[in-house]
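Report on one structure; see the data block that follows.
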Amino acid sequence: MPKQEHIRNFCIIAHIDHGKSTLADRIMEVTKIVGDRERREQYLDKMELERERGITIKAQTVRIPYTAQDGKQYILNLIDTPGHVDFNYEVSRSLAACEGALLVVDATQGVEAQTLANVYLALDHNHEIIPVLNKIDLPSSDVERVKAEIEESIGLDCAQALPVSAKTGEGVPAVIEAIIERLPAPEGDPAAPLKALIFDSWYDAYQGVVVLFRVMEGTIKRNAQIRLMNTGKEYEVLRLGVFSPEGKDVQQLAAGEVGFLCGSIKELGDAQVGDTITLAENPATEAVPGFKEVQPMVFCGLYPTDSDEYENLKVALEKLQLNDAAFSYEAETSQALGFGFRCGFLGLLHMEIIQERLEREFEVELIATAPSVIYKVDVTDGSTIEVDNPSKLPDGSRIATLYEPYVKMDIHVPNEYVGNVMKLCEEKRGLQKNLHYLAVNRVIVTYELPFAEIVYDFFDRLKSMTKGYASMDYEPIDYRASDLVRLDILLNGEPVDALAVIVHKDRAYPYGRALALKLKRTIPRQMFEVAIQAAIGNKVIARETVSAFRKNVLAKCYGGDITRKRKLLEKQKEGKKRMKRMGNVELPQEAFLAALRVGDE
Amino acid sequence: MLLYIHVPFCRSRCRYCAFHSVALGKGVQAEHSAAVHSYCRTVLCEMQAWAAHWGKLEVESIFFGGGTPSLLPVQAIGRLVEEAHKLFAVRPEAEISMEANPESLTSKAQACACRAAGINRLSLGVQSMDDAFLRILGRAHRAQDVVQAVSYARQAGISNINLDLMWALPQQSVAHWLHTLRQVLCLQPEHISAYALTLEEGTALAQEVDTGQFTQPDEAAQSAMFLEGAALLAEAGFEHYEISNFARAGFACRHNQGYWQGQDYLGLGPAATSTMAGRRWTNPSNQASWEKAVQAHSLDAAPELLSPLNRVLEMIMLRLRTSRGLPLADYTALTGLDFMASHAKLVTALREHDLICLHKGHLCLTQQGMLLSNSIISSIFEITEQKLRAQGWEEAL
Chain D
1 MPKQEHIRNF
11 CIIAHIDHGK
21 STLADRIMEV
31 TKIVGDRERR
41 EQYLDKMELE
51 RERGITIKAQ
61 TVRIPYTAQD
71 GKQYILNLID
81 TPGHVDFNYE
91 VSRSLAACEG
101 ALLVVDATQG
111 VEAQTLANVY
121 LALDHNHEII
131 PVLNKIDLPS
141 SDVERVKAEI
151 EESIGLDCAQ
161 ALPVSAKTGE
171 GVPAVIEAII
181 ERLPAPEGDP
191 AAPLKALIFD
201 SWYDAYQGVV
211 VLFRVMEGTI
221 KRNAQIRLMN
231 TGKEYEVLRL
241 GVFSPEGKDV
251 QQLAAGEVGF
261 LCGSIKELGD
271 AQVGDTITLA
281 ENPATEAVPG
291 FKEVQPMVFC
301 GLYPTDSDEY
311 ENLKVALEKL
321 QLNDAAFSYE
331 AETSQALGFG
341 FRCGFLGLLH
351 MEIIQERLER
361 EFEVELIATA
371 PSVIYKVDVT
381 DGSTIEVDNP
391 SKLPDGSRIA
401 TLYEPYVKMD
411 IHVPNEYVGN
421 VMKLCEEKRG
431 LQKNLHYLAV
441 NRVIVTYELP
451 FAEIVYDFFD
461 RLKSMTKGYA
471 SMDYEPIDYR
481 ASDLVRLDIL
491 LNGEPVDALA
501 VIVHKDRAYP
511 YGRALALKLK
521 RTIPRQMFEV
531 AIQAAIGNKV
541 IARETVSAFR
551 KNVLAKCYGG
561 DITRKRKLLE
571 KQKEGKKRMK
581 RMGNVELPQE
591 AFLAALRVGD
601 E
Chain G
1001 MLLYIHVPFC
1011 RSRCRYCAFH
1021 SVALGKGVQA
1031 EHSAAVHSYC
1041 RTVLCEMQAW
1051 AAHWGKLEVE
1061 SIFFGGGTPS
1071 LLPVQAIGRL
1081 VEEAHKLFAV
1091 RPEAEISMEA
1101 NPESLTSKAQ
1111 ACACRAAGIN
1121 RLSLGVQSMD
1131 DAFLRILGRA
1141 HRAQDVVQAV
1151 SYARQAGISN
1161 INLDLMWALP
1171 QQSVAHWLHT
1181 LRQVLCLQPE
1191 HISAYALTLE
1201 EGTALAQEVD
1211 TGQFTQPDEA
1221 AQSAMFLEGA
1231 ALLAEAGFEH
1241 YEISNFARAG
1251 FACRHNQGYW
1261 QGQDYLGLGP
1271 AATSTMAGRR
1281 WTNPSNQASW
1291 EKAVQAHSLD
1301 AAPELLSPLN
1311 RVLEMIMLRL
1321 RTSRGLPLAD
1331 YTALTGLDFM
1341 ASHAKLVTAL
1351 REHDLICLHK
1361 GHLCLTQQGM
1371 LLSNSIISSI
1381 FEITEQKLRA
1391 QGWEEAL
């Protein structure tokens, strides 16, 4: 059993693409726990999707035995953290499980919004932080400038910042030595009642839920009866081990150590990230602080393209949820789309990831409706309801007050784009709160924005308006009363529930016109005319028409043509199969995303 | 049964045509072409082989199509008709049609010879009565040739003449089209086929339209050509009995009606298609390959087997092309479904838009409906297939 003074628990915090996972790979190579042969690009990013997108979705962890230059044997526990704003809570739990962090900053880019957000999180946990300047192999890197930027923006002393190239491996051994020299060893009494913090968990088909934890106090042993303090549920520890990087069983883990356990835990929801493990016999009196239930923030409808695929979609959602407790779903029915599910996500990236996994891993073809946030409604009868589906918003006459969620948004941007960013935020009903120069050329713009406005096309617009230089971070702040209305879309006089959106009253007219036009361009001509109307209540505010085909006929069909023409018509039919029928109107899938793309033109 | 004989020779290739044909070239007389001789011999063999296989089937019509059948020596046509009479039970009142190009019917004597060979219906590829359009199409004849050819046929006593026309031609206006129709009516044909020009990929004309040298009339103009043309012909006493076909009473083409009613047909010659007892095959289009296959008796070696579903779909597709429409009782007999109940929503919408009507147990397309027949038929396909699937037709699909 390692002595506490020979343990270092650390994580790596960085902005997307600044090289966090590459650095983790190099550390594992230098410490020789991963041989060249088993080396895979970015060992820790296990999922295909993660590797492809270059981001970490689920945190992974690895125990690294290492003989330092002082000749002593150390145990380094590298706790990887997810790298996106949607997974902030998971990041905070990972941070709580260690004593220090490597702050990786791309020396060609400088400090980004995400970097700052994560650094503040780390400082909240009293972390010792080692600045690491990555990508020094690139000619455009500017170590001194970025050092100055870190000092100025974070107030972190960069005299001992370490220049590295995670790509070539240069400077990586120095980083490992610095972890040992500069990061504190964990504390905690191995004899105290057990307190272990869950910072990740996932579902394994053979072992049930696998729980990753950091022992804060006390000692956990194999076959012990444990209790999860939030749920109160008890389990026997059937497997106890560490990842190094493959799973290795151990007899016990004491305060300061990091490991995993399995105990016939059936559902991920029973071992939530942030919960505290204690012993059933001698329980701790208080849990590790900071636990919260993660709540989905963004909702959308997911429907199978082919209604026969409903069961497959359901099975896929069940399986996905086994591995992602933050994702929620419940059955819903849409007149337009039939049977499907209303799904909740932590944020937009989370939503995209789930949609992609459904289509890629589970091969379900999906129609996704435009995402929505949760609105709160004071109804005239005195009750308050929450609405996550615009079509379920009560009639205007029944609404006393409508509230929408707001976020505080920090945008880091080179100063030449500040004007564009402000223009975008104003357009999105933002309230400017602050404008702060991070460096001569870099500005932090802070706005309070309705969350719903970000859910639409904010990221893409921000990227394109700043040539990709802006980075952003946001956190929910509160609910505010807003003058919102439900905009209905009617096709040939029939409202299409899946196309309803909630918009600000002042924007409703231009938005309705733009949406109707977008739909006109999305809906192909068919044998009947399609009248598209945007309406608020009974009032039609925009109208467009998709005119009917005038001629769609085969000139000839004689003996030699029959098979070919039959196939041709069957092909036209197949084209329709991907469409959703609303009365006489055939709607292509893209129509359901039209609301998202209104700002494109 | 219908007997179709494909004659794959043309004098020259028309600029819109994607059919398989062998251009004989200007100077070559068909009588002296080795390919033509070999073709005539092989078609006879093919006919004999099928007669040996199927026995003396009853034949309701014989149709010489092409290509340009009028390029064949008349004796060859006569020989084939005669052989058909010998091998099959050709009904005495059988319709025996031949396609001809105006420029290849050049004398009363030739027309008489055709008549004597047994041809009782002549189908002339007129396409347009305006020389400018005939040039664009790459046709070898001129409007005057049409007038001449009709006159020779009449003098020979051919009392059933069809004139093939095309509309939606590049640069054509509605007025142009109606003018061609009026001129054609002056020739007093019994039958008119009026096809919208379909640009076939790879043809010279399609390329010219692609590169913008020519433009086809827009949809509104095409729709007007169809509707106003049909109205003009109706006024002249023609029944619009199929999307592209018009006839005076009693002169609807029996051969083609056979296709639309789902009768069996035997196709002879390169590229000809046959459908016999639920099996469909198409002869090799290359003459040499076809001849080899005839000798080897391997023409129907790999037929398409018409599944029950495909039979239903074809019945819908073909019957709805005709003005009589789809007999709902036949649909029910094949599917076990009540058409009106299983397509209730679609039928209501189509009726509201005046695209279909019901007449004596038949579902038929209106003129407007014919213009949109692809959309309508594929919608019916979709629903029928879905209902049949629900009935457990899964394996058949």
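Heads up: the protein sequence lines correspond to chains D and G, in order. FYI, the numbering for the first sequence is 1 to 601, going by the working numbering. FYI, the numbering for the second sequence is 1001 to 1397, going by the working numbering. The C-beta atom is built at its ideal place from N, Cα and C for all residues, glycine as well.
Identification of residues in the stretch 1271 to 1294 of chain G having a C-beta nearer than 9 Å to some C-beta of chain D yields A1271, A1272, T1273, S1274, T1275, R1280, T1282, given in sequence order.
Only F549, R550, K551, N552, V553, L554, A555, K556, C557, Y558, G559, G560, D561, I562, T563, K565, R566, L568, L569, E570, K571, Q572 from the stretch 549 to 572 of chain D bring a Cβ to less than 9 Å from some Cβ of chain G. Judged by DSSP in its simplified three-state form, G/C1253 adopts coil rather than helix or strand. Within chain G, A1349 have C-beta atoms less than 7 Å from the C-beta of D/N584, given in sequence order.
With a threshold of 16 other beta carbon atoms within 10 Å, G/C1186 falls short and is exposed. According to the DSSP assignment, D/C11 belongs to the beta strand (DSSP E) that extends over 7 to 14. Under the three-state reduction of DSSP output, G/H1353 falls in the coil class, being neither helix nor strand. Between D/V175 and D/L279, the C-beta gap is not smaller than 8 Å, which leaves the two residues out of contact. In this structure D/L268 does not touch D/G259 by the C-beta definition: roughly 19 Å separates them, more than the 8 Å allowed. D/L431 counts as exposed, since fewer than 16 other C-beta atoms from the protein chains shown sit within 10 angstroms of its C-beta. At least one beta carbon of chain G lies nearer than 8 Å to the beta carbon of D/F528.
Among the residues facing chain D, G/T1215 is not included, as its CB has no counterpart in that chain under 8 Å away.
Looking from the CA of G/E1095, the closest CA among G/R1115, G/H1179, G/G1066 belongs to G/R1115. Within its own chain, the residues whose Cβ lies closer than 8 Å to the Cβ of G/L1337, once the five positions on either side in sequence are excluded, are Y1331, T1384, K1387, L1388, Q1391, listed in chain order. Against chain G, the beta carbon of D/K576 has neighbours under 8 Å at S1378, S1379, E1382, listed in chain order. For G/W1281, the uninterrupted beta strand (DSSP E) run begins and ends at 1279 to 1282, by DSSP. For G/N1162, the nearest beta carbon of chain D is not closer than 8 Å to its own beta carbon. Between the alpha carbons of D/A336 and D/F362 lies a distance of about 24 Å. Identification of chain D residues near G/Y1195 by a Cβ-Cβ cut-off of 8 Å yields A555, K556, ordered along the chain.
Excluding its 5 nearest sequence neighbours in each direction, G/R1121 has C-beta neighbours in its own chain below 6 Å: E1095, S1097, N1160, listed in chain order. The beta-carbon of G/Y1259 is placed less than 8 Å from the nearest beta-carbon of chain D. Following the DSSP letters along the chain, one finds G/W1054 inside the alpha helix (DSSP H) bounded by residues 1034 to 1054. Nearest to D/I154 by C-alpha distance, out of D/N134, D/P139, D/E187, D/N118, is D/N118. For G/L1205, not one C-beta of chain D is nearer than 8 Å to its own C-beta.
Out of G/I1376, G/G1369, G/D1264, the CA that lies nearest to the CA of D/G560 is found in G/D1264. In the three-state DSSP reduction, D/R429 falls in the coil class, being neither helix nor strand. Exposure of D/L138 is indicated by the presence of fewer than 16 other C-beta atoms within 10 angstroms of its C-beta.
Of the candidates D/T108, D/K135, D/V104, D/A498, D/V104 places its Cα closest to the Cα of D/A122.
Distance check between D/D189 and each of D/T22, D/D157, D/G256 places D/G256 closest, using alpha-carbon atoms only. Looking at the DSSP output, D/D204 bridges to D/G208.
Neighbours of G/N1256 in chain D, taken as residues whose beta carbon is under 7 Å from its own, are Y558 in chain order. Annotated three-state conformation of D/L346 is coil, per DSSP. The Cβ of G/T1198 sits closer than 8 Å to at least one Cβ of chain D. In the structure shown, the three-state DSSP call for D/P510 is helix. Straight across, the Cα-Cα distance linking D/R581 with D/K573 is about 13 Å.
Close CB contacts of D/P524 within its chain, under the 7 Å cut and outside five residues either way in sequence, are with P588 (chain order).
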